[in-house]
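Note sheet for the following structure.
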Amino acid sequence: MILISLLTVIVFALPFPYEAVPLYVPHFVTIIALHILVSGLGLTSVVLSTRTSVILSIPFRFLSLTSAPVLMPRMRGAFGQIIRNIVGGDGVERIPPTASNRRRNEANRQIRHRRRRQDIHDDVREPQMEEDMEHADDDGFPGGPMLRHVLTQYEHHVARRLWEGEDRGPLKVITHGLKLKKFSEVPVPHPVERWIRESGLLPLSSAYLTMVDAGLVSAFIERWHRETSSFHLPFGEMTITLDDVATLLHISPNGKFFDAPVNMSTNNAARAAHEYLGATWEESLAEINFNKCAQYRLQWLRDLYSRLIQTNQFECAARAYLLHLVGITIFADKTHTRVEAKYISLFIDLDRCRHYSWAAATLVFLYDNMGDGAVHDTRQLGGYMTLLQCWIYEHFPRICKRGDRGAVPAHLPRACRWIAKHAVEGGLVTYRQRLDALLLEDVLFTPYDDDRANYPFEDISMFSGYLRCGGVSVPYLPERCLRQFSRIQCIPPDVPPMPANIDWVWQTTMQSSVSVFQRLYHVASFPGEVTEDYYAWYMSVSHPLIIPRTTAHAGTSSDHPSSAAHVGTSFAAHAGPSSSDRDRRTTELVRRGINLVEPFSEIYEILSALCLMYDV
1 MILISLLTVI VFALPFPYEA VPLYVPHFVT IIALHILVSG LGLTSVVLST RTSVILSIPF
61 RFLSLTSAPV LMPRMRGAFG QIIRNIVGGD GVERIPPTAS NRRRNEANRQ IRHRRRRQDI
121 HDDVREPQME EDMEHADDDG FPGGPMLRHV LTQYEHHVAR RLWEGEDRGP LKVITHGLKL
181 KKFSEVPVPH PVERWIRESG LLPLSSAYLT MVDAGLVSAF IERWHRETSS FHLPFGEMTI
241 TLDDVATLLH ISPNGKFFDA PVNMSTNNAA RAAHEYLGAT WEESLAEINF NKCAQYRLQW
301 LRDLYSRLIQ TNQFECAARA YLLHLVGITI FADKTHTRVE AKYISLFIDL DRCRHYSWAA
361 ATLVFLYDNM GDGAVHDTRQ LGGYMTLLQC WIYEHFPRIC KRGDRGAVPA HLPRACRWIA
421 KHAVEGGLVT YRQRLDALLL EDVLFTPYDD DRANYPFEDI SMFSGYLRCG GVSVPYLPER
481 CLRQFSRIQC IPPDVPPMPA NIDWVWQTTM QSSVSVFQRL YHVASFPGEV TEDYYAWYMS
541 VSHPLIIPRT TAHAGTSSDH PSSAAHVGTS FAAHAGPSSS DRDRRTTELV RRGINLVEPF
601 SEIYEILSAL CLMYDV
């Protein structure tokens, strides 16, 4: 072994210039001595100086007592892949960074398995490992999306885990409707009422549902995607627009974004309660110390408001009222009992409240909370549930129970029309099945057309860009939901990057953005019209269904109104007189095909006739 090492060192020394030999001789002697010592100790490799590491590589290869591979640190390759160098093993393995945790774990198991086998067969290699991993990544997710450039966060989405059999169940949701109803009965002195009215938030005091359907809300949250700010349904995308907020809640989409502090210290929260809410310094400190954070309890605000009214501190009373109002409506968070103190900054100058875009703030807060709710590990949902549930009532009249008061006076929010009913039998499971079976005829894309005299359409709803509320920004992309604007839905452009100055874009390009929207997107000739290539594109970038077919057949169906184009509780429930798998599969394919063709076309009529034959 010593002779082999000596010969190897001599071979490596030959290319060096003669005058450099004296400089390398001491290194060669050291190398030989260390190599003998290392070989005697049974070590596999030794890392010396950079100058000698190359010379050591071949002698160590021959003298090492074992040939187990060594995992070198990870680094990134030329195209962004994560590379593992396996010395003495399988060489370089590339694992795309976008691979799911499941695939990464599988790759790691294969690496460990190969390392165990190499004790016997060191030269055995896994052929085409790199190509296999790349092809697996290109295949997309089971059930979609097949292409990942749109739903970039789908790996952690609740829909993916649900497709794989992991059901987290319904989210914990709550509505403050009863609290708001009770609080609205408290007398409001004229000076306080004037400030509330001028703020533009007075309609919120009458816009509430006393119950929330957790299964219904959870079923829609499972289809929400933060990347596109939209629900992904079997026939395409839909979202809650600025027009929806302005109509249902009667609050303005016009105005500027506000700069509530991202974080408020407990000291500043106590000081704000003392200076702007009229609480004593001792009361303010006690409240903050009780909560152990920069928040105020809703009950504490109600009690404080009543006391301020009695002492004629009307300005402070108005701030307490408004802070409580937004805390149980548009800024309702997961605590369900408190409101963040930072929102008091919105009401310091009561005369400027009306200059804010309250509809935009409402959407930002709701979008952000729905994005959190769409992550599998989330169990609780924040946001204004009255808005979300009333939006569902308006656009999906057949999917759930709802009470209808009929037309409401023009000065009241349209949300006052609806009365919450108890959930359907089966809850979340039933709602999932009904959403998977939705047809275009089950959807009202423009439900307010018959009431525009009371609720005029706001052109600002066609703005495309980003909305901001304090430190939170979300994309607002009406071009992805053109059918809600009576336009022909086409393949939308990619989600734009967030601009450096969101406020500047909102204030200076709003009119031009609306003009571009009206010019680019043509008015539809019938509700739900799409371009010929839209559905093929949508199927490749989304996951139109939530429940795998085998699971859907096993689900429990419940009673639901039947018609040629109704929302089915499950595909199995509408398989016709025959219970065979062939008839059931035929029914499913026909129903899916109807969603992919132009309504009232010849092929549409054929598929509709087939549906009638199978009594769908």
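Taken in order, the sequence shown gives residues 1 to 616; the numbers are from full-length UniProt numbering. We put the beta carbon where it would ideally sit given N, CA and C, even for glycine.
Check	Outcome
Looking only at its own chain, which residues have a Cβ that is under 6 Å from the Cβ of LEU216, when we skip the five neighbours before and after it?	CYS400, TYR431
Whole-angstrom Cβ separation of ALA374 and TRP163, contact assumed at under 8 Å?	Incorrect: roughly 14 Å between the Cβ atoms, too far for contact.
Use the C-beta contact count for LEU180: other C-beta atoms within 10 angstroms, 16 or more gives buried, fewer gives exposed.	buried
Do VAL262 and GLY471 have their CB atoms nearer than 8 Å?	yes
Straight-line CA distance for GLU134 to ARG487?	Unreliable positioning characterises GLU134 in this predicted model, as indicated by a pLDDT of 39, which lies under 50. The coordinate reading is nonetheless provided below. Answer to the nearest angstrom: the Cα atoms are 39 Å apart.
Would you tell me roughly how many angstroms separate the C-alpha atoms of TYR393 and PRO203, rounded to the nearest one?	19 Å
In whole angstroms, what is the alpha-carbon distance linking ILE328 and ILE419?	18 Å
Where does PHE485 land, buried or exposed, given buried means 16+ other C-beta within 10 angstroms?	buried
Can you name, in chain order, every residue of its own chain whose Cβ lies under 7 Å from the Cβ of HIS156, other than the five neighbours on each side?	VAL375, HIS376
To the nearest angstrom, report how far apart LEU350 and ARG319 are at their CA atoms.	8 Å
Measure how close the beta-carbons of CYS416 and GLU237 come, nearest whole angstrom, since I'm counting them as under 8 Å.	Contact flag wrong, Cβ pair sits at about 28 Å.
Is it the case that the Cβ atoms of ALA341 and GLN295 are separated by a distance below 8 Å?	yes
Would you call ILE348 buried or exposed, if buried means 16 or more other Cβ atoms sit within 10 Å of its Cβ?	exposed
At 3 residues or longer, what runs of the beta strand (DSSP E) sit wholly inside the stretch 295 to 373?	295 to 297, 338 to 340
Would LEU363 pass as a contact of LEU467 if the rule is Cβ separation under 8 Å?	yes
When the Cα atoms are used, what is the spatial distance from LEU388 to PHE290?	32 Å
For the pair the stretch 239 to 257 and the stretch 453 to 462, tell me if three or more CB-CB distances fall below 8 Å.	yes
Mark SER199 as exposed unless 16 or more other C-beta atoms lie within 10 angstroms of its C-beta, in which case mark it buried.	buried
Taking the beta carbon of GLN310 as the centre, do at least 16 other beta carbons fall within 10 Å, making it buried, or is it exposed?	exposed
In three-state DSSP terms, what is CYS390?	helix
Can you find the residues in the same chain that come closer than 7 Å, C-beta to C-beta, to GLY140, ignoring five residues on each side of it along the sequence?	MET146, LEU147, ARG148
Helix, strand or coil for TYR466 per DSSP?	strand
Please name the residue, chosen from ILE603, THR152, PHE220, that lies closest to LEU381 on a Cα-to-Cα basis.	PHE220
Measuring CB to CB, does ILE330 end up less than 8 Å from ALA360?	no
Is GLY593 helix, strand or coil when you go by DSSP?	helix
Contact defined as beta carbons within less than 8 Å: I believe ASP368 pairs with VAL505. What is the distance between those atoms, to the nearest angstrom?	Rounded, the Cβ-Cβ distance is 19 Å, inconsistent with contact.
From SER515, VAL541, LEU545, pick the residue whose C-alpha is nearest to that of VAL150; which is it?	VAL541
At which residues does the alpha helix (DSSP H) containing ILE460 begin and terminate?	Looking at the DSSP string, ILE460 is not in any alpha helix (DSSP H), and its letter there is neither H nor E.
Give me the residue from LYS172, ALA270, HIS274, ALA317 with the minimum Cα distance to ILE196.	ALA317
Smallest Cα separation from ASN268: which of TYR343, THR175, VAL188?	TYR343
Hey, could you find the ends of the alpha helix (DSSP H) ILE288 is sitting in?	281 to 291
Once you ignore the five residues that flank HIS336 on each side, which residues in its own chain have a CB closer than 8 Å to its CB?	ILE174, HIS176
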